[in-house]
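If you read the sequence shown in full-length UniProt numbering, its first letter stands for residue 1, the second for the next number, and so on. To start, the structure itself, in structure tokens.
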Amino acid sequence: MTRIALITGSNRGLGRATALALARNQIRVVAASRDGAHDVVEEIVASGGEAIAVRLDVADLTSIEAARVAVLAGIEKEWSASTIDVLVNNAGVGLFAPLGDIAAEDFDATFSTNVRGPLFLTQALLPHLSEGARIVNVSSSLSRHSSPATSVYAASKKALEALTRSLALELGPRGIRVNSIAPGPTATDFNGGAMRDSDAMREFLSGQTALGRVGDPDDIADAISALVSHEFRWASGERIEVSGGVLM
């Protein structure tokens, strides 16, 4: 049976690359993002894959419920399906500021998207996840090592990893695997594309990795694709870092 995957934040960056990678592996894609992900859906369909788009702002609980309804209606209409087999909680925001510049509303916005969103989206979809489904939460190598001005972002990703382990234990009786992927420095449009667009920043960060370069979105997307495959059936509650060996 062809599996169905829902990827949040799939209009750009890691989410877009993950949607394309899963589609290449014959997985049907529900591409979710705040503004819609119609471009990636069109690209998947043009390449012979199957995909639909759904609007979703994971920081908005009302949007989560509306998206749940839209997802169920969409997969029923397009594929006569009623369950999701893969959930990739990828949507995230960054807060990179020194302690003195952090505002309470910025802290709340970061945790609402990076922690609360994955929790309540998973909760909303729980009755609709297939037995043996895979959940991947996208974390960061910054949950392991420290860099200046990353305290709130790193803390949100560490919290997401704790959530991952707890849900792996709780959902294990249904055969649902829950793992986290922790990318290192990756050249995407995250944080306004700061790293992608700066030769100096990429050179500096490349010098901190064992493999001598920063990652690209496909490096992470292919790892996620592998993690939701049958070959990783015995992994649950794990944190898998895909960082090229940054700051070992």
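For every residue, glycine included, the Cβ atom is placed at its ideal position computed from N, Cα and C.
Under DSSP, the alpha helix (DSSP H) around residue i begins and ends at which residues?
i, result
"ALA73", "61-79"
"ALA223", "217-227"
"ALA159", "151-171"
"PHE107", "104-111"
"LEU119", "117-125"
"THR18", "13-24"
Assuming residue i is part of the beta strand (DSSP E), what are its boundary residues?
i, result
"ARG28", "28-33"
"LEU142", "Here LEU142 belongs to no beta strand (DSSP E), and DSSP marks it neither H nor E."
"LEU87", "84-89"
"ILE52", "51-55"
Just to confirm my understanding: we take residue i, look at its own chain, exclude 5 residues before and 5 after, and list those with CB closer than 8 Å. What are they?
i, result
"THR122", "LEU87, ASN89, ILE135, LEU167"
"residue 250", "Residue 250 cannot be examined here, being either before or after the span of the chain that is shown, 1 to 248."
"LEU84", "The sequence given here places Ile at residue 84; Leu does not occur at that position. So the qualifying residues of the chain are ILE4, ALA5, LEU6, VAL30, VAL71, ILE75, LEU125, HIS128, LEU129, SER130, ALA133."
"SER146", "ALA154"
Assuming residue i contacts residue j (C-beta within less than 8 Å), just tell me the rounded distance between them.
i, j, result
"VAL246", "SER141", "5 Å"
"SER156", "THR188", "Wrong, their Cβ atoms sit about 18 Å apart, outside the cutoff."
So what does residue i bridge to, in DSSP terms?
i, result
"PRO183", "VAL242"
"THR209", "VAL246"
"VAL45", "Its beta-bridge partners do not exist; DSSP assigns none."
"LEU6", "VAL30, LEU87"
"ILE135", "LEU87, VAL178"
By Cβ distance below 7 Å, which residues in the same chain neighbour residue i in space, the five residues on each side in sequence not counted?
i, result
"GLU76", "SER82"
"GLU231", "none"
"ARG165", "GLY237"
"LEU99", "SER151"
Beta carbon of residue i: closer than 6 Å to some heavy atom of the ligand HEM?
i, result
"LEU126", "As presented, the structure is devoid of all ligands, the ligand HEM included, so that no description of it is given."
Classify residue i as buried or exposed, calling it buried when 16 or more other Cβ atoms lie within 10 Å of its own Cβ.
i, result
"LEU227", "buried"
"PRO148", "exposed"
"PRO73", "The sequence given here places Ala at residue 73; Pro does not occur at that position. With fewer than 16 Cβ atoms within 10 Å of its Cβ, ALA73 is classed as exposed."
"THR62", "exposed"
"ALA46", "exposed"
"GLU65", "exposed"
"LEU95", "buried"
"GLU203", "exposed"
For residue i, which residues in the same chain have their Cβ closer than 6 Å to its Cβ, ignoring the five residues on either side in sequence?
i, result
"GLU78", "ILE52"
"ARG174", "GLU131"
"THR209", "GLY244, GLY245, VAL246"
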